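Colleague: Same order as they appear, the protein sequences are chains C and H.
In our numbering, each number is its position in the first sequence, counted from 1, plus 1309.
In our numbering, each number is its position in the second sequence, counted from 1, plus 1.
Before I ask anything, here is the structure I am working with.
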Amino acid sequence: DVKVTQSSRYLVKRTGEKVFLECVQDMDHENMFWYRQDPGLGLRLIYFSYDVKMKEKGDIPEGYSVSREKKERFSLILESASTNQTSMYLCASSFAGANNQPQHFGDGTRLSIL
Amino acid sequence: AQSVTQLGSHVSVSEGALVLLRCNYSSSVPPYLFWYVQYPNQGLQLLLKYTTGATLVKGINGFEAEFKKSETSFHLTKPSAHMSDAAEYFCAVSDSGGGADGLTFGKGTHLIIQP
């Protein structure tokens, strides 16, 4: 089975801190994604990556950056955390190719910014 | 740009009754369509997907969905609800332009099962 592992289930940080969310997948997937999930808004794409060191902005990239130094690892960075970034963050991965490849999700990181 | 509309943020059915969760999409190209389920405190799990071919798609846990191009719909059904089906359900669309773009999700439908 595909395993997408997010380093923390729950995280509490303070306003202004630099925050790192880590995601690792074990299926040699080319594509990796970061979403945030908020009640009533569903999932919104922050950033995605289709190869090592490659990244593309999603729908809501403001206030975030990403890093992909190795194929299996995709990090989401909050440069200076703010309270409006309190949310559930979900990482996903998939094989490359046409967009019929399903995405496999981690269990999420519930981040609270105080 | 593509979009997904899920009608009803909450749907309540009795155990044993038919489950119907509605999803309509807009896409300028033939879409790929997905249904995901999210149980409490977990990530999303793929229920089923439509790519090409047969328009009636069967998934896990007894769920199925039918792609209707004329109605731009991809509704999810299950003949008989079980208590374990209580969860959040998301419909998602991806266009067929190729590449690695992320999915566009609906806002989700919370399915409640009454005993």
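Think of the CB as a built atom: it goes at the ideal place given N, C-alpha and C, for glycine as much as any other residue.
These numbers come from a predicted model, not from an experiment.
Closest to H/Trp-36 by CA distance: which of H/Tyr-51, H/Asn-42, H/Lys-69 is it?
Modeller: H/Tyr-51
Colleague: Against C/Pro-1370, what residues of chain H qualify as contacts under a CB-to-CB distance less than 7 Å, listed in chain order?
Modeller: Within chain H, no residue comes near C/Pro-1370; the closest Cβ sits about 12 Å away, beyond 7 Å.
Colleague: Identify each residue in the region 35-62 of chain H for which the Cβ-Cβ distance to at least one residue of chain C is less than 7 Å, and report them in chain order.
Modeller: Residues Phe-35, Gln-43, Gly-44, Leu-45, Leu-47, Lys-50, Thr-52.
Colleague: Nearest to C/Arg-1353 by CA position, among C/Leu-1320, C/Tyr-1398, C/Phe-1414, is which residue?
Modeller: C/Tyr-1398
Colleague: Taking DSSP as the reference, what is the three-state secondary structure of C/Gln-1334?
Modeller: C/Gln-1334 falls in the strand class under three-state DSSP.
Colleague: Can you find the residues in the same chain that come closer than 6 Å, C-beta to C-beta, to C/Asp-1368, ignoring five residues on each side of it along the sequence?
Modeller: These residues qualify, in order along the chain: Arg-1353, Leu-1354.
Colleague: With a threshold of 8 Å, are at least 3 pairs of Cβ atoms found where one atom belongs to the region 1323-1334 of chain C and the other to the region 8-16 of chain H?
Modeller: no
Colleague: When burial is assigned at 16 or more other CB atoms within 10 Å of the CB, is H/Leu-49 buried or exposed?
Modeller: buried
Colleague: Does C/Leu-1320 have its Cβ less than 8 Å from a Cβ in chain H?
Modeller: no
Colleague: Residues of chain C with CB under 8 Å from H/Lys-108, in chain order?
Modeller: Gly-1349, Leu-1350, Gly-1351
Colleague: Give the residues of chain H in contact with C/Gln-1334, contact being defined as C-beta atoms less than 8 Å apart.
Modeller: Here the premise fails: no neighbours, minimum Cβ distance about 12 Å.
Colleague: For C/Gly-1325, decide whether its Cβ has a neighbour in chain H, counting only Cβ atoms nearer than 8 Å.
Modeller: no
Colleague: Let me check one thing: in DSSP terms, what residues is C/Gly-1426 bridge-paired to?
Modeller: A question about residue 1426 of chain C goes unanswered here, because the residues of chain C that appear run from 1310 up to 1423.
Colleague: If you draw a straight line from the alpha carbon of C/Cys-1400 to that of H/Ser-27, how long is it in whole angstroms?
Modeller: The straight-line gap from Cα to Cα measures roughly 25 Å.
Colleague: Report, in whole angstroms, the separation of the C-beta atoms of H/Leu-104 and H/Leu-22, which I expect to be a contact under 8 Å.
Modeller: 17 Å between Cβ atoms; not a contact.
Colleague: So that I know if they touch, is there some Cβ in chain C lying closer than 8 Å to that of H/Phe-68?
Modeller: Output row for H/Phe-68: interface = no.
Colleague: Could you check where the beta strand (DSSP E) with H/Arg-23 kicks off and where it finishes?
Modeller: Boundaries of the beta strand (DSSP E) around H/Arg-23: 20-27.
Colleague: For C/Phe-1383, go through chain H and note every residue whose CB falls closer than 8 Å to its CB, in chain order.
Modeller: Within chain H, no residue comes near C/Phe-1383; the closest Cβ sits about 12 Å away, beyond 8 Å.
Colleague: Given a threshold of 16 other Cβ atoms within 10 Å of its Cβ, counted over all protein chains shown, does H/Lys-69 qualify as buried or as exposed?
Modeller: exposed
Colleague: Taking the straight line between their C-alpha atoms, what separation do you get for H/Gly-100 and C/Phe-1414?
Modeller: Residue placement at H/Gly-100 is poorly supported in this model, since its pLDDT is 43, which falls under 50; the coordinates still yield a value, given next. In a straight line, the C-alpha of H/Gly-100 is about 19 Å away from that of C/Phe-1414.
Colleague: Which whole-angstrom value describes the C-beta separation of H/Cys-92 and H/Phe-75, a residue pair presumed to lie in contact below a C-beta threshold of 8 Å?
Modeller: 6 Å
Colleague: Would you list the one or two residues that DSSP bridges to C/Leu-1320?
Modeller: C/Leu-1420
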